[in-house]
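Protein chains in written order, with the working numbering: chain A, 78 to 468; chain B, 3 to 183.
Idealized CB from N, CA, C, for every residue including glycine.
On a predicted model such as this, the values are computed, not experimentally measured, just so you know.
Down below is the structure, laid out as structure tokens.
Here it is in structure tokens:
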């Protein structure tokens, strides 16, 4: 059974409220970038016990957001991270403080963090092992950690595409008897809002399925709508998140930036029938051509607010995200209730239906822009079919 | 490999800016679409809307009992890429009564091959020849903007900017940056 986790970030209360009041998730992934230490510790015990904590060591030299409130963060503990000075003592101190924090909060799993590397470095495994995996495992053993251990695997799309690199990663991950599963995050370069590259999706599904076949748990973080595809591979959990930065991993959110003005994204609404986040003004166009908007935009508690005439759409408003949590979790659960081929068939059926809905809207004269259109869906169907045939 | 058209084979505009300068939106629309007796005002590249129209034309007239009629016409100017222009122009239909794609006449044959797409979407298509002559390929029908919020947002801003009236409601989020032609 695939679970649904909420990826927490800025405005994490929306997720907590949605889980408690509308049962849209089975747990949360907590990230320190947007939530300071004391607030994590103050979360209700039942939330912490069904959560896991992602230490977000992606860029250990960074001190963005609330990261410095965690004394074990490499940049803090070392007074400025550099690989040459990241010696055994610092590694052990860091791992010990990080593990103790995770234990103290009583999270469901213990996470071993990794750092982010661009491209496909040849010493990726060696560096991760030396700087993080070994010290964390050693410390976990010393502290008699009883919680199951997950290894965070932060990869680039190139690493997943390349057969040999992917195989090396699989061999490496499965070589640790003490690690029960992975928490996978993928960084896709030059991506659109939806991941639509067949040459990435197929190996990604294969990678997840191989890990499952090896008896490991697989949790996939920072998922956007492609979570629907990942459930085909039988992963243990996919994620939902409010703002786009929680649904599309981008390492720049963790890097030190000059004081530049960053333009917020346009407000969007998730339309389950189209498998797409559509820019909100298009909803008016859809409403004009379909007889019943309920067929398109699920009528849950949050739709009423969104579609009141005086609603001021803005990407920082909670309602579109709260609506999405309900709509997408229902969609995911419907699929997750099925198994094996029936699940894949159901995903394909949802994709096929979305294509025909887009076609209908096109025939009615609606011209969506690239990030609201359904061009990704036919590629998803192709990827899913090819993966199924060759698995 | 497709050959690049030689400069002397296509006697078109050098740039979109040049095409934009050659296109006189107000004159063309007033003459062709029977808005001769309407007053008009134009803006260029208005920010804060659903897309950034290259030209935005506001037409208005006061009829009986002092009621003001306002029509908003948006234009997306592209020398040759009609598909992108159509997508953009369709976004402008969210807040406009008419929305047009304006192309370089030397390249418009590409769009004419897909004129049905323009008709289906009710997006006007016209082209401008180097000497300034406007060719009308499809004139859209008057249609209410499809987004209530985008429509009210722009109309409130226009009311405030052109007619000095207070806005009907407070709005958060983006504001329009006026840059009058």
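None of the residues of the segment 447-466 of chain A has a beta carbon lying less than 7 Å from any beta carbon of chain B. Contact between the segment 385-400 of chain A and the segment 273-281 of chain A is absent: fewer than 3 CB-CB pairs across the two stretches fall below 8 Å.
Collapsing the DSSP output to three states places residue 417 of chain A in a helix.
Between the segment 282-301 of chain A and the segment 313-326 of chain A, the count of C-beta pairs closer than 8 Å reaches three or more; the two stretches touch. Restricting attention to A/204, A/247, A/309, the CA atom closest to the CA of residue 168 of chain A is found in A/204.
The beta-carbon of residue 362 of chain A is placed less than 8 Å from the nearest beta-carbon of chain B.
Nearest in C-alpha terms to residue 127 of chain A, of all of A/140, A/149, A/102, is A/102. As a beta-bridge residue in DSSP terms, residue 129 of chain B pairs with B/105, B/137. With contacts defined by Cβ atoms closer than 8 Å, residue 107 of chain B and residue 129 of chain B form a contacting pair. At a cut-off of 8 Å, the C-beta of residue 88 of chain B has a neighbouring C-beta in chain A.
Distances from the CA of residue 97 of chain B to each of B/133, B/67, B/59, B/69 were compared; the closest alpha carbon is that of B/59. One alpha carbon belongs to residue 437 of chain A, the other to residue 367 of chain A, and they sit about 9 Å apart. Contact note: residue 365 of chain A reaches chain B through 148, using a C-beta cutoff of 8 Å and chain order. Residues of chain B with a Cβ closer than 9 Å to the Cβ of residue 255 of chain A do not exist; the shortest Cβ-Cβ separation is about 50 Å. Short of 6 Å from the beta carbon of residue 87 of chain B, and not among the five residues preceding or following it, lie these beta carbons of its own chain, in chain order: 78, 80, 103. Here residue 380 of chain A is buried. Its C-beta has 16 or more other C-beta atoms within 10 Å. Identification of residues in the segment 373-385 of chain A having a C-beta nearer than 7 Å to some C-beta of chain B yields an empty set.
For residue 93 of chain B, the nearest CB of chain A lies under 8 Å from its own CB, placing it at the interface with that chain. Residue 358 of chain A belongs to the set of residues whose beta carbon lies under 8 Å from a beta carbon in chain B. Contacts with chain A at 8 Å (Cβ-Cβ) include residue 52 of chain B.
Within the DSSP secondary-structure output, residue 317 of chain A pairs in a beta bridge with A/83. Interface flag for residue 122 of chain B against chain A is set, since a Cβ pair is found closer than 8 Å.
For the options B/74, B/136, B/46, the alpha carbon positioned closest to that of residue 33 of chain B is the one of B/136. Residue 119 of chain B sits in a helix when the DSSP states are folded into three classes.
The three-state reading of DSSP puts residue 20 of chain B in helix, counting H, G and I together. Comparing alpha-carbon positions, the option among A/253, A/244, A/129 lying closest to residue 287 of chain A turns out to be A/244.
Here residue 239 of chain A carries a coil assignment [DSSP, helix/strand/coil].
Within the same chain, and ignoring the five residues on either side of residue 465 of chain A in sequence, the residues whose Cβ sits closer than 7 Å to its Cβ are 421.
About 5 Å separates the Cβ atoms of residue 179 of chain A and residue 187 of chain A, confirming a contact at the 8 Å cut-off. Per DSSP, reduced to three states, the secondary structure at residue 296 of chain A is strand. In terms of beta-carbon proximity, residue 444 of chain A lines the interface with chain B, with at least one pair separated by less than 8 Å.
In terms of Cα proximity to residue 265 of chain A, the closest of A/256, A/303, A/253 is A/303. Counting every other CB atom within 10 Å of its CB across the protein chains shown gives residue 311 of chain A a total of 16 or more, marking it as buried.
Taking all protein chains shown into account, residue 444 of chain A has 16 or more neighbouring C-beta atoms within 10 Å of its C-beta and is therefore buried. A straight line joining the alpha-carbon of residue 133 of chain A with that of residue 344 of chain A spans about 27 Å.
Taking every protein chain shown into account, the CB of residue 139 of chain A has 16 or more other CB atoms within 10 angstroms, so this residue is buried.
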